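Here's the structure we're looking at; comments come further down.
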Amino acid sequence: MEGKLKILMTSIGSLVGQNVHDVLEFPEFRRRDQVSLIGTNSMVGSPNNFRCDKCYIVPNTNSPEFKERILEIIKLEKPSLILSGRDEDTETVATLLEEFPGLGAKMPYGRASTLKYALDKWESWVFCQKYNLPFAETFVLGKSGDFSQLEKFAAQFGFPLIAKPIQGFASKGVFFIRSLEDAKVVSEFPNYMFQEYLGQGESLDEYFRQLDGLTPLFAHAPNIYHHSCHTVIAPDGSFDPIFISRNEHESGTTVGFKKVQDPDLEELTKRFVAAFHTEGGFGPLTVQFRKDQRGVWKAQEMNMRTNGNTFPRFMMGQDDLGLILDGVLPEEKFPIFHAPEETHQLIIGKSLKSHIIFPEDLNQLQNEQVWSN
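Here it is in structure tokens:
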């Protein structure tokens, strides 16, 4: 391990963790041997745990013990860089590094004060209003008005609306709101928000009719896709070429990924970049866009951390990890992958992967709460 760049990654068992592993292990540009990768996870049985050089079991992020345990691991391992696999990790660790600046590790996601614009979807709306950026019209009870105002919001934008947790990720807890009765139910949920549906609502009519009949065991809405605009912002405000992809979804997971060119989206993304940097933000930035009912591009979410499409973008010419390291740890001279031009127009299909886990490794991690290769 001596002389290797040490990276600590939280929630290594996530899809994001898998992407980081895949980028480092890519056969045509393997950099895994240049890195000592330390993972943390709350789940013992994840195969990603055992792709690390060392892995620690930690409490769930929302537990009071998580922060203390992560601080202990950072002090022990002394990583140069910390990456996060989930939104909750990002906020906790970023705050921790600001509280303890002597730890020495860098987290390439800006400051805790700028991360809130991506982690808290109400703050996303407020941020976009401040900088006149297009964002799905948003309503939060108690902040935007009372239920009578929500009724007016629904009348203005029509059904379906979208209801989602103010803080959440990966489409968890997201609902279609098809009536005021639905809205009334969700209005009793803590920390929820309503948004206009970006797209043509009538395209969902047949799907809704199916749900009104016999309930299928598995179901997902048809024609669900968004355009994802991604770049890496350097601390000085410069940024790498904007990578635009069309992401197709099934049951909340990206299954199709294609690079596209769109000058309008590129210019919109540049405005988001400038606004984030004005607030002190830097690092990876992803803005998800869809067209509203009038055909106008609007953002529906923002992300300011390493994400689940890091490896597909890598294969098509954008090396997030290399660019991040070049921005925050340029002295490491970490090599950056430049994909052949012909790969830029590939279509990426995503599927599950299978891995072997040896019982003795699983037992060690379970019993000792730490495993090393």
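In my numbering, the protein residues as written are 18 to 390.
Positions of the beta carbon are idealized from the N, C-alpha and C atoms, including for glycine.
It should be emphasised that the depicted structure is a prediction, and the values quoted were computed from it without experimental measurement.
message: When you compare the segment 59-79 with the segment 20-37, are there three or more beta-carbon pairs, one atom per stretch, that lie closer than 8 Å?
response: yes
query: Sorted by chain position, which residues of the same chain lie with C-beta nearer than 8 Å to P96's C-beta, five sequence neighbours on each side aside?
result: K23, I24, L25, I55 and A122
- request: Go through its chain and collect everything with a Cβ distance to F260's Cβ below 6 Å, but skip five positions before and after it.
  value: H247, R330 and Q335
message: Can you confirm whether R128, when its beta carbon is compared against all beta carbons of chain C, has any partner nearer than 8 Å?
response: Absent from the structure is chain C; it holds one protein chain and no more.
task: Take the Cβ of E28 as the centre, count every other Cβ of all protein chains shown within 10 Å, and call the residue buried at 16 or more, exposed below.
output: Strictly speaking, residue 28 in this sequence is Ser, with Glu absent from that position. Result: buried.
field: Cβ shell of G127 (< 7 Å), same chain only, five flanking positions each side left out
entry: G297, G298, F299, G300 and M321
- prompt: Excluding five sequence neighbours on each side, which residues of the same chain lie with their C-beta closer than 7 Å to the C-beta of V290?
  reply: Cβ neighbours of V290 within its own chain (closer than 7 Å, five residues either side excluded): T248, I250, F256 and L302.
task: Can you grab the Cα-Cα spacing for the pair A238 / S220, in whole Å?
output: 10 Å
message: Between which two residues does the beta strand (DSSP E) holding I250 run?
response: It spans Y242 to I250 - the beta strand (DSSP E) in which I250 sits, taken as one unbroken run.
- request: Could you have a look at A356 and say whether DSSP puts it in helix, strand or coil?
  value: Three-state DSSP puts A356 in coil, outside helix and strand.
message: Alpha carbons only, please: which of G218, M124 and I183 is nearest the one belonging to P207?
response: I183
- prompt: Who does A57 pair with in a DSSP beta bridge?
  reply: Checking the sequence shown, residue 57 turns out to be Thr, not Ala. Per DSSP, Y73.
field: Assigned secondary structure, Q381 (DSSP; H/G/I helix, E/B strand, else coil)
entry: helix
- request: Mind checking which residues open and close the beta strand (DSSP E) that includes G366?
  value: I364 to G366
- request: State the start and end residues of the unbroken beta strand (DSSP E) segment that holds H23.
  value: It should be noted that the sequence gives Lys, not His, for residue 23. Following the DSSP letters along the chain, one finds K23 inside the beta strand (DSSP E) bounded by residues L22 to M26.
query: Expressed to the nearest angstrom, what Euclidean distance is found between the alpha-carbon atoms of D137 and H38?
result: Each residue's Cα considered, the two are about 28 Å apart.
- prompt: Expressed to the nearest angstrom, what Euclidean distance is found between the alpha-carbon atoms of K169 and L228?
  reply: Whole-angstrom Cα-Cα distance: 27 Å.
task: Might you give, ordered along the chain, the residues of its own chain that have their beta carbon closer than 7 Å to the beta carbon of E82, omitting 5 neighbours on each side?
output: P76
For D199 and F354, the rounded distance between their alpha carbons: Each residue's alpha carbon lies about 48 Å from the other.
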